[in-house]
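Q: Residue 348 in this note's numbering sits at position 197 of the sequence shown, with consecutive numbering throughout.
All C-beta atoms in this analysis are idealised placements derived from N, C-alpha and C, irrespective of residue type, glycine included.
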Amino acid sequence: MAVFLIILFLIVTSFGCIDTPMQEVSADENTEQNTSVDRVTDPEPVNLSRTDVKVNSKSITRYYRWEYDNTDFSVEYEYDTDAYTAYSLRSRNRDFSHFVNDPYDDELISMITAQMAELAKSKGYSRDEIPYIVMAFVQSLPYVSDSASAGFDEYPRFPFETLYHGGGDCEDSSILLAALLYDMGYGVALVEFPGHMGVGVKGAHALEGSYFNHSGARYYYLETTNSGWEVGMIPDEYASFEASVRPVLNSYPELQIRFSGHARGNNYVTYADVDVEITNVGSAAIEDLVIYATLESTTQNMVWDYLQTDTHEGMDVDETVTYTISNLKVPDGKIYRVGIWAWGSNSERKYVYSEWTTA
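1. Starting from M267 and walking both ways along the alpha helix (DSSP H), at which residues does that stretch end?
2. Output the boundary residues of the alpha helix (DSSP H) element that contains V289.
3. Looking at Y487 and E447, is the spacing between their C-beta atoms short of 8 Å?
4. How big is the Cα-Cα spacing for G465 and A390?
5. Reducing DSSP to helix, strand and coil, say where A330 ends up.
6. Which residue marks the beginning of the alpha helix (DSSP H) containing H316, and which one marks its end?
7. Tell me which same chain residues have a C-beta within less than 8 Å of the C-beta of Y333, skipping the five on either side of it?
8. With three or more beta-carbon pairs closer than 8 Å as the criterion, would you say the region 270 to 284 touches the region 311 to 326?
9. Going by Cα to Cα distance, which pick from A234, L479 and S208 is closest to G416?
10. For R190 and T232, I'd like the C-alpha separation in whole angstroms.
11. Rounding to the nearest angstrom, what Cα-Cα distance links E195 and G379 in this structure?
12. For the region 406 to 420 against the region 451 to 464, do three or more pairs of beta-carbon atoms, one drawn from each stretch, fall closer than 8 Å, so that the two count as touching?
13. Which residue wins for smallest C-alpha separation from M262, given the options V285, R245 and E388?
14. Could you tell me whether any non-hydrogen atom of the ligand ADP is closer than 7 Å to the CB of D320?
15. Buried or exposed: where does H249 fall if 16 or more other Cβ atoms within 10 Å of its Cβ makes it buried?
Here it is in structure tokens:
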């Protein structure tokens, strides 16, 4: 799949510093990653949040405008409508980290972060202050619920889609901000409260603000759904809840398995034919895919029959392969279920199974 984007841009900016009380917040454990934020400054609240759109036959152009530290900002991006259609067909049934690390909008994300870095440099600011430019940009995007924009509740979007729509809900804006910060080399995590999501950015111990202590690292909370939230400020309605902190790791493949089948037979043996569909819903290609199909017995670790496929050389992100496995057999009258295993040399094993039935 090609990278789906065409981009034009203009921007002007400036920024300053943050000061909030230090607070440690409870979180679950996982894995840490990347460089950290060393310094925080104290920005003025953003008062202006709006986007305009110009529609052409094959593209739309979004104009994003916001005010930061009494300075007007503006950026302009053009998006291919066919690209948006292609994104809309992609599975949402994948880990949130794959939305952050999606390879198909890498070019878009890198162009935005390069633009932000160049702006900071041109204004005499250090790399440490770039995250606050990025944060102000994402916070300026209006809140758009999933049901209003997609017709579904809980419909996470890829960064391309959030920018295309000119806004999103808490999941969408958090994924977008995490993608931008991750591209710049910062350690980031998605922070999940009951019914809400924000971002954690790995920070030095000298920083002030609420943070999550996770695997020896501090992730300082970033609220993404409205303007004026400073680093380390958690909305009151979520401050008392325990959060799940999920650091964004390097890209990796993830398998999704679907299968269907039917049985046929005689008075002695039942034969099962199974159609298996494997999709890579991860953020990196799978290498050396293998599928292992079984008719399982109720006796633990025993099977009536099995078949292992030849090795499939590789699968790109969102690629699907199908296999038909025929003539797996089980004695008449015996209880069995279908079990499908799939794995690659660089991916974890995935296992799905059917209900128990009688041959």
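A: Once the coordinates are examined:
1. Residue range D257 to S273 is occupied by the alpha helix (DSSP H) that includes M267.
2. I281 to Q290
3. A contact, by the Cβ cut-off of 8 Å.
4. Approximately 44 Å, taken between the alpha carbons.
5. Helix, per DSSP.
6. P310 to H316
7. N185, V251, N252, V339 and V399
8. Proximity of the region 270 to 284 to the region 311 to 326 falls short of the contact definition, fewer than three beta-carbon pairs being nearer than 8 Å.
9. L479
10. The predicted model places R190 with a pLDDT of 42, which falls under 50 and marks its position as unreliable; any figure quoted below should be read in that light. Distance between the alpha carbons of R190 and T232 is about 40 Å.
11. Because E195 sits at a pLDDT of 39, beneath the cut-off of 50, its placement in the model cannot be relied upon, and the following sentence gives the value as read from the coordinates. Straight-line Cα distance between these residues: approximately 7 Å.
12. no
13. V285
14. This structure does not include the ligand ADP; it has no bound ligands of any sort.
15. buried
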